[in-house]
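Trainee:
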Amino acid sequence: MKSQQVRLAKRPKGEPTAENFEIAEAELPAVGPGQMLVRIIWLSLDPYMRGRMDDARSYAKSVEIGEVMGAGTVGQVMESNHPGYAEGDFVLGMFGWQSHVVSDGNGVRKLDPALAPLSTWVGVMGMPGLTAYVGLLDIGEPKEGETVVVSAASGAVGSVVGQLAKIKGARAVGVAGPDEKVRYVVDELGFDACVSHRSATLRDDLKAACPNGIDVYFENVGGPTLDAALSLMNPFGRIPVCGMISMYNTGPVGGDADRLPALMRRILTDRLKIQGFIVSDRGNRHKAFMKEVGGYLREGRIKYRESVTVGLENAPKTFIGLLRGENFGKQLIQVSEDPTRG
Ligand SMILES: NC(=O)c1ccc[n+]([C@@H]2O[C@H](COP(=O)([O-])OP(=O)(O)OC[C@H]3O[C@@H](n4cnc5c(N)ncnc54)[C@H](OP(=O)(O)O)[C@@H]3O)[C@@H](O)[C@H]2O)c1
Numbered sequence: 018m019k020s021q022q023v024r025l026a027k028r029p030k031g032e033p034t035a036e037n038f039e040i041a042e043a044e045l046p047a048v049g050p051g052q053m054l055v056r057i058i059w060l061s062l063d064p065y066m067r068g069r070m071d072d073a074r075s076y077a078k079s080v081e082i083g084e085v086m087g088a089g090t091v092g093q094v095m096e097s098n099h100p101g102y103a104e105g106d107f108v109l110g111m112f113g114w115q116s117h118v119v120s121d122g123n124g125v126r127k128l129d130p131a132l133a134p135l136s137t138w139v140g141v142m143g144m145p146g147l148t149a150y151v152g153l154l155d156i157g158e159p160k161e162g163e164t165v166v167v168s169a170a171s172g173a174v175g176s177v178v179g180q181l182a183k184i185k186g187a188r189a190v191g192v193a194g195p196d197e198k199v200r201y202v203v204d205e206l207g208f209d210a211c212v213s214h215r216s217a218t219l220r221d222d223l224k225a226a227c228p229n230g231i232d233v234y235f236e237n238v239g240g241p242t243l244d245a246a247l248s249l250m251n252p253f254g255r256i257p258v259c260g261m262i263s264m265y266n267t268g269p270v271g272g273d274a275d276r277l278p279a280l281m282r283r284i285l286t287d288r289l290k291i292q293g294f295i296v297s298d299r300g301n302r303h304k305a306f307m308k309e310v311g312g313y314l315r316e317g318r319i320k321y322r323e324s325v326t327v328g329l330e331n332a333p334k335t336f337i338g339l340l341r342g343e344n345f346g347k348q349l350i351q352v353s354e355d356p357t358r359g
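In this text, residue positions in the sequence shown follow our numbering: the first is 18, and each later residue adds one.
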């Protein structure tokens, strides 16, 4: 049995290109005692993967040159010598950008396809959904009547943040790029308003959308959106710092002036709370998330959208597109057939 794999070929400088990836085949070992063979169905592409391609200090280890790119995946067991798994079972695991894998079950979870569609276990019911949940509720702590602004609002994390904010009785305002995403955030997801970070009048647009100022700014992008939101924060505002996607390819960019002293003063005078967080530190909230967000999903109170690209070989160009904002909703690669989908 062979596995098709996408490996890191060389580290990118700036925006990744096709040359940073290598598509190759690897011979899989025989399935030993306590092991199982898994066919990958859904592969999650996420912005954090860009950071793993660099050789820089971060909260997680870099991918080595020649190593398979890491990723959350949903797969199906094809053969099993593992006592906890049978042929046909669906599983969630960090199996990476590849088509098949032999696993000993470490870090793997069995999935019940009756509970939620398989692809959602790496989306709204998975890592991005949990990120929205802990970032908004535990750090943002929105109260009824407050204004919550979220950037990358149509995406995997942002879409859940705004819908949860509404459920908690807050006013939800999104920031997105193209008009069709801006419209979707209001018309389909039910946010109160959404503005475009492409607008030359972004700050004024955001101010008009937030007549009572901003109490929670859920930060996903950095750059001009952060500047605009910061300038509109209310006293005692909270900023869960989830991501900085506008900098992932470029590194920090800014004007000549050192803005840190001004920012620190703002934090002091407005008594702002700004806290970074990484979802992998928040496993203790997984059960509560599953119960609460799973319930909202089944009741139709939380909606989601997926961007599906078929074929593992298309993962590199799809990932490059994700960092440019070409996805619309949770970005997935369909590596093989999902037997639960019609
Ligand atoms: N802290 C954690 O544990 C954690 C976990 C998961 C995700 N995250 C972070 O959460 C953020 C959202 O992730 P996601 O998976 O939900 O991705 P996503 O929103 O589904 O996709 C990324 C979106 O970011 C926007 N974007 C890209 N470049 C931008 C730029 N230069 N300026 C403004 N917006 C830009 C694009 O939307 P538009 O077309 O609307 O601009 C793009 O569609 C990322 O920063 C990610 O790293 C953090």
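A virtual CB, placed ideally from N, CA and C, is assigned to each residue, including glycine. Keep in mind it's a predicted model, so treat the numbers as computed, not measured.
Return the Cβ separation of Y313 and G140 in integer angstroms, given the expectation that the two are a contact with Cβ distance under 8 Å.
Mentor: In this structure, Y313 and G140 do not form a Cβ contact; the two beta carbons are roughly 14 Å apart against a cut-off of 8 Å.
Trainee: Determine the contact status of L249 and G230, defining contact as a CB-CB distance below 7 Å.
Mentor: yes
Trainee: Mind the definition here: the segment 148-167 touches the segment 348-356 only if three or more C-beta pairs lie below 8 Å; say whether that holds.
Mentor: no
Trainee: Who pairs with A43 in a beta bridge, going by DSSP?
Mentor: S20
Trainee: Taking buried to mean at least 16 other C-beta atoms within 10 Å of its own C-beta, is N37 buried or exposed?
Mentor: buried
Trainee: Excluding the 5 residues flanking L339 on each side, which residues of the same chain have their C-beta closer than 7 Å to its C-beta?
Mentor: L62, P64 and Q348
Trainee: Is A189 buried or exposed, if buried means 16 or more other CB atoms sit within 10 Å of its CB?
Mentor: buried
Trainee: Taking the alpha-carbon positions, what's the A305 to S75 distance?
Mentor: Cα-Cα distance, rounded: 28 Å.
Trainee: Check each candidate in F235, L285, V310 and V85 and name the one with the smallest Cα separation from I262.
Mentor: F235
Trainee: Counting Cβ pairs closer than 8 Å, one from the segment 286-293 and one from the segment 125-133, do we hit at least three?
Mentor: Judged by pairs of C-beta atoms under 8 Å, the segment 286-293 does not touch the segment 125-133, as fewer than three such pairs exist.
Trainee: Express the C-alpha separation of D221 and E81 in angstroms, rounding to a whole number.
Mentor: 44 Å
Trainee: Which whole runs of the beta strand (DSSP E) in the segment 110-156 are 3 residues long or more, in chain order?
Mentor: If one requires a minimum length of 3 residues, the beta strand (DSSP E) runs lying completely within the segment 110-156 are 117-120 and 126-128, in chain order.
Trainee: Please classify E163: is it buried, with 16 or more other beta-carbons within 10 angstroms of its beta-carbon, or exposed?
Mentor: buried
Trainee: What is the residue span of the beta strand (DSSP E) that T8 lies within?
Mentor: In the structure as shown, the chain starts at 18 and stops at 359, and residue 8 therefore has no counterpart that could be examined.
Trainee: Nearest-angstrom Cα distance between K185 and P159?
Mentor: The straight-line gap from Cα to Cα measures roughly 7 Å.
Trainee: Nearest to T137 by alpha carbon, out of T267, I57, D71 and A173?
Mentor: A173
Trainee: Is the beta carbon of L60 sitting closer than 7 Å to the one on T90?
Mentor: yes
Trainee: Taking the beta strand (DSSP E) that S97 falls in, what are its first and last residues?
Mentor: T90 to S97
Trainee: For T335 and P228, I'd like the C-alpha separation in whole angstroms.
Mentor: Those two C-alpha atoms are separated by around 38 Å.
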